[in-house]
Amino acid sequence: MGCVAATEETTPRRPEQGEHPDHPEHEDRPEHEDSPEHAGPAAGPAADTAAATTAATAAVAGARMPRWLPRAVILVLALVACFQLGSWAFHQLIGLLVNILIAFFLALAVEPAVSRMAARGMRRGLATFLVFLGVFVAAAGFVALLGSMLAGQIVDMVEGFPRTLDSVIRSVNTTFHTDLSRLEIQDSLLHSDWLQKYVRNSASGVLDVSATVLGGLFKLLTVGLFSFYFAADGPRLRRALCSVLPPAKQSEVLRAWEIAVAKTGGYLYSRGLMALISGVAHYVVFAVLQVPYAPALAVWVGLVSQFVPTIGTYLAGALPMLIAFTVEPWYALYVLGFVVVYQQFENYVLQPKLTAKTVDIHPAVAFGSVIAGTALLGAVGALIAIPAVATLQAFLGAYVKRYELTEGADTPDGGGRGAGADSATPPASLRRRLPGRR
-18 MGCVAATEET
-8 TPRRPEQGEH
2 PDHPEHEDRP
12 EHEDSPEHAG
22 PAAGPAADTA
32 AATTAATAAV
42 AGARMPRWLP
52 RAVILVLALV
62 ACFQLGSWAF
72 HQLIGLLVNI
82 LIAFFLALAV
92 EPAVSRMAAR
102 GMRRGLATFL
112 VFLGVFVAAA
122 GFVALLGSML
132 AGQIVDMVEG
142 FPRTLDSVIR
152 SVNTTFHTDL
162 SRLEIQDSLL
172 HSDWLQKYVR
182 NSASGVLDVS
192 ATVLGGLFKL
202 LTVGLFSFYF
212 AADGPRLRRA
222 LCSVLPPAKQ
232 SEVLRAWEIA
242 VAKTGGYLYS
252 RGLMALISGV
262 AHYVVFAVLQ
272 VPYAPALAVW
282 VGLVSQFVPT
292 IGTYLAGALP
302 MLIAFTVEPW
312 YALYVLGFVV
322 VYQQFENYVL
332 QPKLTAKTVD
342 IHPAVAFGSV
352 IAGTALLGAV
362 GALIAIPAVA
372 TLQAFLGAYV
382 KRYELTEGAD
392 TPDGGGRGAG
402 ADSATPPASL
412 RRRLPGRR
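Residue 134 in our numbering sits at position 153 of the sequence shown, and the numbers go up by one each step.
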């Protein structure tokens, strides 16, 4: 009996009718029998086709374009279009932007004078008008002086041309044994083809010159109007700018504005004062030497020597030297000597006293800034380069934190001391941190 019972327990039970052969527990789930996995031999091809269709559908769904891709492409194209449009507009408006930049620096330059007059009870618009009127009168006087000098030189050259021509003809006849006359030369010049062609080209170039002059006058008017509005409405402009900024940023903007006004105005004030002193000193020398057009030459030397850095003095001295040479060759050497001596006096005595409280820029920095400004904006960049650099230098000096040099950091050998016991002694700041020292 025991053997029979063991045999019955180890023999597997045959599934009854209606029961799944592999999973007896699924006898009440007929849908499980319909799955492709448990289907019979007749359902094999249909199951493979359904599986392939499902896999293809899943692959197509996986290869479908992401929803964000069209929007990203449109965004990139829009950014490129905006960049191209902005670049085109910038190149079209570069002239206007340069004029506005010049006007802004000019307004900063006259801001101290306008504010001082407005503080005494004068309307700001009237004060701005009076300041610009003074600037215009000074510029017109300078142009009139130079124009009179140039016109006088041209008249002298025209009146002295026959005498110069006669002298040249006599020298040629004597040297080369020719028989030239002034009348024959004048007649040949008047009937020459190149002279007639030159006259025709000059007549056609008059229109170009007129257009250039009108364009320059329009630019001058544009700069004048913008600078007048910037100076007259300076406080209103600052309030409008600060109204869109948080309080913490408002103080920063106002401080930067004050630095720009102080440095730009101080630069022009110191340069103008040095130009006045230089002009007076050179006028005295020119008057003593009896150089023609002494007032105009003095104004020329004063302005060019101060507003063209580093080489301005020597560039300004070239014109009076040339005119002095026409009076007496030795006078040109006298003028050159005075220009050199005055340059040294200005660099070592006058300029440090005047720029101590306004703006002081290293000559190398000034010269480099002028070159950079010229490369960027031409003559306009050369004029506004130094005020811009002075403003940047003052702004960095106010916000960049500086530290005191440690002992011996200025020279490699510890401040010029020898390598003895003193140089081996650590600084006091380090001695406090070394162990075993009190």
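Note that beta-carbon positions come from the ideal geometry of N, C-alpha and C, so glycine has one too.
May I have a chain-ordered list of the alpha helix (DSSP H) segments no shorter than 4 residues that lie completely inside the region 326 to 366?
332 to 336, 344 to 358
Next on the checklist: If contacts are defined as beta-carbon pairs under 8 Å, then A108 and A119 qualify, I think. What distance do you get, rounded to the angstrom?
Outcome noted: 17 Å between Cβ atoms; not a contact.
If you reduce the DSSP assignment to three classes, tell me which class D160 lands in. coil
Among the candidates V321, I83, V282, whose CA atom is the shortest distance from the CA of L425? This structure cannot settle anything about residue 425, because the visible part of the chain is limited to -18 through 419.
Between which two residues does the alpha helix (DSSP H) carrying I81 extend? 75 to 100
With respect to the alpha helix (DSSP H) encompassing R217, which residues constitute its N-terminal and C-terminal limits? 215 to 223
**Message:** Is the beta carbon of K200 closer than 8 Å to that of A371?
**Reply:** no
**Request:** Give the range of the alpha helix (DSSP H) segment to which R104 is assigned.
**Result:** Segment: none, R104 is in no alpha helix (DSSP H) and carries neither H nor E.
Let's see if you can read the secondary structure: which residues bound the alpha helix (DSSP H) around M255? 228 to 270
Span of the alpha helix (DSSP H) around F280
Checking the sequence, you will find Val at residue 280 rather than Phe. Looking at the DSSP string, the run of the alpha helix (DSSP H) that includes V280 is 275 to 288.
Inter-residue spacing [alpha-carbon to alpha-carbon] between V320 and G298: 7 Å
### Message
Judging by CA-CA distance, which residue of V149, P228, E309 is the nearest neighbour of T159?
### Response
V149
Requested in this report: Can you tell me the Cβ-Cβ gap for V361 and V79, rounded? I've got them flagged as a contact below 8 Å.
Outcome: 6 Å
| said: Quick check: F267 and A256, are their CB atoms within less than 8 Å of each other? | reply: no
Can you tell me whether H263 is buried or exposed? The criterion is at least 16 other CB atoms within 10 Å of its CB, across all chains shown.
buried
How about the region 83 to 96 and the region 180 to 195: do they share at least three Cβ pairs that are nearer than 8 Å?
no
- Pick from L171, L66, L300: whose alpha carbon is nearest that of A277? L300
### Message
Are the CB atoms of R163 and D147 within a distance shorter than 8 Å?
### Response
yes
key: Sequence-distant residues of the same chain with beta carbon closer than 7 Å to G133, five excluded per side   = Y274
Could you check the C-alpha separation between V139 and S208 for me, to the nearest Å? 42 Å
Self-check item: N- and C-terminal bounds of the alpha helix (DSSP H) containing T307
Solution: 293 to 308
>> Counting C-beta neighbours from all protein chains within 10 Å, is the total for I135 16 or more, i.e. buried, or is it exposed?
In response: exposed
Where K382 sits in the DSSP three-state scheme: coil
ask   = For R48, which of helix, strand or coil comes out of DSSP?
value = coil
**Asked** In three-state DSSP terms, what is T387?
**Response** coil
For S129, name the three-state secondary structure that DSSP assigns.
helix
What whole-angstrom Cβ distance do A353 and A345 have, given they're in contact under 8 Å? Not quite, the Cβ-Cβ distance comes to about 12 Å (not below 8 Å), so this is no contact.
Assuming contact is defined by CB atoms lying nearer than 8 Å, are F376 and I292 in contact in what I supplied?
no
Output the distance between the C-alpha atoms of W175 and T155, rounded to the nearest integer angstrom. 28 Å
To the nearest angstrom, how far is the alpha carbon of D168 from that of L303? 33 Å
### Query
Going by beta carbon distance, what residues of the same chain come within less than 7 Å of V285, once the five residues before and after it are set aside?
G293, L296, A297
Status (buried if at least 16 other CB within 10 Å, exposed otherwise) for E92: buried
Buried or exposed by the 16-neighbour rule on C-beta atoms within 10 Å, applied to M130: buried
task: Could you name the residues of the same chain whose beta carbon sits closer than 7 Å to that of P11, not counting the 5 residues immediately before and after it, in chain order?
output: Only weak support is given to the placement of P11: the predicted model assigns it a pLDDT of 49, under 50, and the question is left unresolved by the model.
_As a quick exercise: from V124, F157, F123, I166, pick the residue whose alpha carbon is nearest that of P143._
I166
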